[in-house]
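Q: These protein sequence lines map, in sequence, to chains A and B. If you're matching positions, the first sequence starts at 112 in the numbering used here and goes up one per residue. If you're matching positions, the second sequence starts at 10 in the numbering used here and goes up one per residue. Every residue gets a Cβ at the ideal spot worked out from N, C-alpha and C, and that includes glycine. Attaching a single structure in structure tokens format; questions to follow.
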Amino acid sequence: MTSTASAGATPAASADDVVVAVRDVHYAAGGRPIFAGLDLEVRRGRITAIMGPSGTGKTTLLRLITAQAAPASGQVTVFGKDLAGFGRRETYALRRRMGMLFQNGALLTDMDVFENVAFPVREHTDLPEPLVRLLVLTKLQAVGLRGAASLMPGELSGGMARRVALARAIVMDPEVLLYDEPFVGLDPISLGFILRLIKHMNQALGITSIVVSHDVQELATIADDSYLISEGKVAAAGTPAQLRASDSAAVRQFMTGSAEGPVPFHYPAPDYATQLLEADER
Amino acid sequence: MNPRRPDAYLLSGLQRLGSVTIFLVQLLIQCVPALARPHLLVMQIYNAGARSLIIIMLSGLFVGMVLGLQGYDLLRRFGSEEALGVAAALGLLRELAPVITALLFAGRAGTALASEIGLMRATDQLTAMEIMAVNPMRYVAAPRFLGGVIAMPLLTAIFSLIGLYGAQLVGVQMMGVDRGVFWSQMQGSVGLHDVNEGLVKSLVFGIACSLIAVHEGYHAEPTAEGVGLATTRTVVAASVITLLLDYVITAAFL
């Protein structure tokens, strides 16, 4: 796959404007190369979509940005600070400015919805109980689940669990919100709600959002900037409209979801007919 | 599958030992701040201790009753049935109560700990804590470890008590050993040294079993198979280590 639009497809950003910068990052997991010279940046107050086929390392990118993993080479900068050599204290200080929505919600199963949302507040502040309650109920109201405050995570549907996780992610008013596949397995109502919520939090609270997903259509409606990752690099960057208008067959294949194109749908295998006949002979 | 060479087994064993040792040091560092959250600790003592009570009490009763039967039969051959109280007390306090409690603890509380923490890992709960800048070693691992370490001596004491009642039930009520002799010989011959041996054993077993369970759960592969494997390893490793440490401590006390 060749690069069609460079990361500079969006207007040049000033250094203060860039919240996350990934420069020439190489990373391998279990001997398999994931990134080979990845370059991208996320600008303040914008919704940045990271797209790509399954297994391209989108979630790994979130792990690098949150300092859960370190690149083999290259640089990951968040809030202007290079994450290389960060100790636990610095890493935690960085993470307190971030929120993350996990694909499965990752709610703590031994406490109810209210306590899950209150968890970061109780751990990081000494706020009096009435204030904690106010804060938690406000966030639960924002995701439409104030009435579910006393339910346990096991009693929630997948969509509800993700909304509670979103309330928990925003309860400390983070500057950056990371979404890991937020649209997977949601019913249309929850999906529309999550989409509006991401947009609303970005516009009303000025939260910088990084959305990792392969749901092209959904992302196109909210993203300001988009990156398409493939084969360890940024294959294309720009606004969703720019990506759709790309002259690269591979980018167009991904954006339209076609099985035909330069990106093979089938995993490499011997000839189909030969293999079937071999099985017959045995 | 290629058969593994003996040196590969040795290397992986040493690697494991190193990993558990580093984990123990990290755990001990986090135990001090974990004490500042007493509600978490109380919850874990309840989970590891109170929830194991029925199995410990039932086992204690039957082990004591068997000890009464076997002890009576053995001592009668030498014409010294009166020593049943001493034999049962020494057997229980110094050996059976700490060892069987630890084995039962590994099977009941240890597996629960390993699978709970392993599932927390598999469902990203530990990662979510990390992202929320909360150290899961402090919040999840340390209270569970401490809970197990505190619960084990308490469970061992209860096991001994019920076991002695079981031995008395069989020896005195069923076999007709004199009640006064049974208790007075026990009082006269069992010293603080014997109680201490049991106490030291239960503390060491508590540390070993809880450490293994928490370590296995914490480092479980985040899959259904990985959590299952961690649970199995907990029982196997905790049981073997308990018996090995039992020999070492017994030898040290003699």
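Between which residues of its own chain and P122/A is the CB-CB distance below 8 Å, once the five residues before and five after are set aside?
A: Bear in mind that a pLDDT of 49 at P122/A, under 50, signals an unreliable position, so the model cannot answer this.
Q: Show which residues of chain A have a CB atom less than 9 Å away from the CB atom of I54/B.
A: Result: empty, since nearest Cβ-Cβ is about 15 Å, beyond 9 Å.
Q: Using 8 Å as the limit for Cβ to Cβ distance, is A120/A near chain B?
A: At A120/A the pLDDT is 43, less than 50, meaning the model places this residue with poor confidence; the figure from the coordinates comes in the next sentence. No, A120/A does not count as interfacial toward chain B.
Q: If we ignore side chains and look at the alpha-carbon of each, how far apart do F213/A and L262/A end up?
A: Roughly 20 Å separates the two Cα atoms.
Q: Among Q182/B, V143/B, V209/B and L170/B, whose alpha-carbon lies nearest the alpha-carbon of Q39/B?
A: Checking every option, the nearest Cα to that of Q39/B belongs to V143/B.
Q: With a threshold of 6 Å on Cβ separation, who are the neighbours of A178/A within its own chain once the five nearest residues in sequence on each side are excluded?
A: Cβ within range, chain order: L194, F197 and T202.
Q: Would you kindly work out how many angstroms separate the C-alpha atoms of T259/B and A98/B, rounded to a whole number?
A: One C-alpha to the other measures close to 16 Å.
Q: Assign K210/B to one of two classes, buried (16 or more other C-beta atoms within 10 Å of its C-beta) or exposed (fewer than that).
A: Buried, because 16 or more other Cβ atoms sit within 10 Å of the Cβ of K210/B.
Q: For the structure I just gave you, are there three or more beta carbon pairs, one from the region 301-319 of chain A and one from the region 149-159 of chain A, closer than 8 Å?
A: Flag = yes, the region 301-319 of chain A and the region 149-159 of chain A touch.
Q: If you draw a straight line from the alpha carbon of V295/A to that of L289/A, how long is it in whole angstroms?
A: Approximately 15 Å, taken between the alpha carbons.
Q: Could you tell me how far apart the beta carbons of F114/B and M161/B are, in whole angstroms, since I believe they sit closer than 8 Å?
A: Sure, about 6 Å apart at Cβ, within 8 Å.
Q: Using a Cβ cut-off of 9 Å, pull out every chain B residue sitting near H235/A, in sequence order please.
A: Neighbours of H235/A on chain B, chain order: M141, A142 and V143.
Q: I'd like the list of long-range same chain contacts for V95/B, defined as Cβ closer than 6 Å, with 5 residues on each side in sequence excluded.
A: Q194, M195 and S198.
Q: Nearest chain B C-beta to R273/A closer than 8 Å, yes or no?
A: Cβ-Cβ to chain B under 8 Å: no for R273/A.
Q: Strictly by DSSP, which residues pair up with G116/B?
A: Its beta-bridge partners do not exist; DSSP assigns none.
Q: Closest Cβ-Cβ distance between P379/A and chain B: below 8 Å?
A: No - not a single Cβ of chain B is within 8 Å of the one on P379/A.
Q: To the nearest whole angstrom, what separates the beta carbons of A137/B and A217/A, a pair I think is in contact under 8 Å?
A: Indeed they touch by this definition, with Cβ atoms about 4 Å apart.
Q: Using the Cα positions of P231/B and R130/B, report the straight-line distance between them to the nearest angstrom.
A: Roughly 6 Å between the two C-alpha positions.
Q: Under the assumption that P239/A contacts R279/A (Cβ atoms under 8 Å), give the Cβ distance between them as a whole number of angstroms.
A: With a Cβ gap of about 20 Å, P239/A and R279/A do not count as contacting.
Q: Since T243/B contacts T120/B with CB under 8 Å, what's their CB separation in whole angstroms?
A: Yes, T243/B and T120/B are in contact; Cβ-Cβ is about 6 Å, under 8 Å.
Q: Once the 5 residues before and after D16/B are set aside, which same chain residues still bring their CB inside 6 Å of it?
A: For D16/B, where only same-chain residues beyond five positions count, there are no Cβ hits under 6 Å.
Q: Is A137/B close to chain A, meaning its C-beta is less than 8 Å from at least one C-beta of that chain?
A: Chain A, which has a Cβ nearer than 8 Å to the Cβ of A137/B, makes this yes.
Q: Grab me the residues of E139/B's own chain with a C-beta within less than 7 Å of its C-beta, minus the 5 sequence neighbours each way, in chain order.
A: For E139/B, where only same-chain residues beyond five positions count, the Cβ hits under 7 Å are P145.
Q: Just checking, does the region 79-86 of chain B make contact with the region 179-193 of chain B on the three C-beta pairs under 8 Å criterion?
A: Verdict: yes, contact present.
Q: Keeping to the same chain, check which residues put their C-beta closer than 8 Å to that of A183/A; ignore five residues upstream and five downstream.
A: Around A183/A: H137, Y138 and A139.
Q: So is A116/A in contact with chain B if we call contact Cβ pairs under 8 Å?
A: With a pLDDT of only 42 at A116/A, under 50, the local geometry of the prediction cannot be trusted, and the value read off the model is given with reservation. False, the Cβ-Cβ gap to chain B never drops below 8 Å.
Q: Is the distance from the Cβ of R233/A to the Cβ of V254/A below 8 Å?
A: No.
Q: Based on the DSSP output, what are the partners of D336/A in its beta bridges?
A: D336/A is bridged to T159/A.
Q: Between Q364/A and L112/B, what straight-line distance do the alpha-carbon atoms span, to the nearest angstrom?
A: Each residue's alpha carbon lies about 59 Å from the other.
Q: Quick one: is L219/A buried, meaning 16 or more other Cβ sit within 10 Å of its Cβ, or exposed?
A: Looking at its Cβ environment, which holds 16 or more other Cβ atoms inside 10 Å, L219/A is buried.
Q: Please state if the CB of G77/B and the CB of L178/B are separated by a distance shorter than 8 Å.
A: Going by C-beta atoms, L178/B is nearer than 8 Å to G77/B.
Q: Can you say whether S21/B is buried or exposed, counting buried as having 16 or more other CB atoms within 10 angstroms of its CB?
A: S21/B comes out exposed.
Q: Return the bridge partner residues of Q396/A from the DSSP annotation.
A: Outside the shown range of chain A, which is 112 to 393, sits residue 396/A, and nothing can be said about it.
Q: Got a sec, what are the start and stop residues for the beta strand (DSSP E) L306/A sits in?
A: That residue, L306/A, is in no beta strand (DSSP E); its alpha helix (DSSP H) goes P299 to L316.
Q: For H228/B, tell me which candidate among R14/B, L19/B, R25/B and A261/B has the shortest Cα-Cα distance.
A: Looking at the Cα atoms, R25/B is the closest of the given residues.
Q: Output the residue ranges of the alpha helix (DSSP H) runs that lie fully inside the region 119-177 of chain B and measure 4 residues or longer, sorted by chain position.
A: List check, alpha helix (DSSP H) in window: 120-131, 134-140 and 151-177.
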